[in-house]
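Engineer: Can you keep this structure in mind? I'll have questions shortly.
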Amino acid sequence: MSFNQNKLLFMALLGLVLSITGCAQTRFVVLRDVPPSPSFVVIPANDYLTEVTFANEIERAILGAGVKVVTRPSTKEVTTEQVTEGVEGNQAARMKLTERFFAFDEIDADYIVQTYATSNQVKITKRDTQEVLTVLTVQTALHDPAPSEWRRKRFKQVLAKMGIPVTNY
1 MSFNQNKLLF MALLGLVLSI TGCAQTRFVV LRDVPPSPSF VVIPANDYLT EVTFANEIER
61 AILGAGVKVV TRPSTKEVTT EQVTEGVEGN QAARMKLTER FFAFDEIDAD YIVQTYATSN
121 QVKITKRDTQ EVLTVLTVQT ALHDPAPSEW RRKRFKQVLA KMGIPVTNY
């Protein structure tokens with residue numbers, strides 16, 4: 001095994017030991033090759049105010065860890081129509097199917113962070129492989145007077161476990 005493979009194996013084992021012994025809740029983070037200067041984009045589940053607000057809080061938490069965040073891609077409504085012909089009973093039938101959905105413009109970030117305010121969940125996916133690296137719940141502690149600070153610390157820990165370089169302030 002090469003030095004990098006040994007280092008990665010050691011980090012994975014250390015993370016496993018710390019997650020088992022350090023807390024009651026097991027957390028899973030997949031370790032993969034990290035670009036030298038990784039970028040993130042945070043995408044809310046929909047365009048409702050609560051979802052966008054939650055996504056903005058997660059964006060601030062990632063920025064607070066010193067990680068590059070790029071602007072969300074704009075969305076566009078896509079409509080496709082398809083005409084099908086067939087026979088129904090003794091008569092020729094023609095049916096028009098219309099499908100409407102929202103799509104994103106091109107995403108250039110290395111990692112996609114999807115947020116779900118209702119469940120306080122965040123999913124981080126590596127864009128080029130579409131591999132889900134972690135799904136976490138970011139509930140604030142009841143006794144914590146500064147929930148955004150708690151989220152920043154939590155994200156800093158998660159990003160560091162993923163191998164993302166974070167700031168140490």
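Our numbering applies: residue 1 is where the sequence shown begins, and numbers increase by one. For glycine and all other residues, C-beta sits at the position ideal for the given N, C-alpha and C. None of the values given here were measured: they were computed from a predicted structure.
(1) Would you call the CB atoms of P170 and A55 closer than 7 Å?
(2) Go through its chain and collect everything with a Cβ distance to I124's Cβ below 7 Å, but skip five positions before and after it.
(3) May I have the straight-line CA-CA distance separating A65 from E57, to the nearest angstrom?
(4) Identify, in the order they occur along the chain, each residue of the same chain with its Cβ nearer than 8 Å to the Cβ of T79, setting aside the five sequence neighbours on each side.
(5) Where do the ends of the alpha helix (DSSP H) carrying V52 lie?
(6) So, helix, strand or coil for R127, using DSSP?
(7) Write down the C-beta distance between A103 and T71 rounded to the nearest angstrom, noting that I regard them as a contact closer than 8 Å.
(8) Does the distance from the C-beta atom of F155 to that of A109 stay below 7 Å?
(9) Quick one: residues in its chain with C-beta nearer than 7 Å to the C-beta of A160, no 5 flanking neighbours on either side, listed in chain order?
(10) According to DSSP, is I20 helix, strand or coil?
(11) Could you spell out the range, first to last residue, of the beta strand (DSSP E) harbouring T167?
(12) For T137 and E88, I'd like the C-alpha separation in whole angstroms.
(13) Could you compute how far the alpha carbon of Q121 sits from the alpha carbon of K96?
(14) Just the Cα atoms here: how many angstroms apart are D105 and I62?
(15) Nearest by alpha-carbon distance to A117: which of R60, L49, D33 is it?
Structural biologist: The short version:
(1) Absent from the model: residue 170. The displayed extent of the chain is 1 to 169, so no value can be given.
(2) These residues qualify, in order along the chain: Y111, V113, L133, T134.
(3) Answer to the nearest angstrom: the Cα atoms are 13 Å apart.
(4) Once the five neighbours on either side are set aside, the close Cβ partners of T79 are T98, E99, R100.
(5) That run of the alpha helix (DSSP H) goes 49-64.
(6) For R127, the secondary structure class from DSSP, reduced to helix, strand or coil, is coil.
(7) Not confirmed; about 17 Å, so no contact.
(8) No, the Cβ-Cβ distance between F155 and A109 is not below 7 Å.
(9) Leaving aside the five residues that flank A160 on each side, the residues in its chain whose CB is nearer than 7 Å to its CB run, in chain order, V166.
(10) Confidence is the limiting factor: at I20 the pLDDT is only 47, short of 50, which leaves the residue's position unreliable and the question unanswerable from this model.
(11) Counting along the chain, T167 falls outside any beta strand (DSSP E), and DSSP gives it neither H nor E.
(12) Going by the C-alpha atoms only, they are around 51 Å apart.
(13) Q121 and K96 have their C-alpha atoms spaced approximately 38 Å apart.
(14) Taking the straight line from one Cα to the other gives about 22 Å.
(15) Distance from the Cα of A117 is smallest, within the candidate group R60, L49, D33, for L49.
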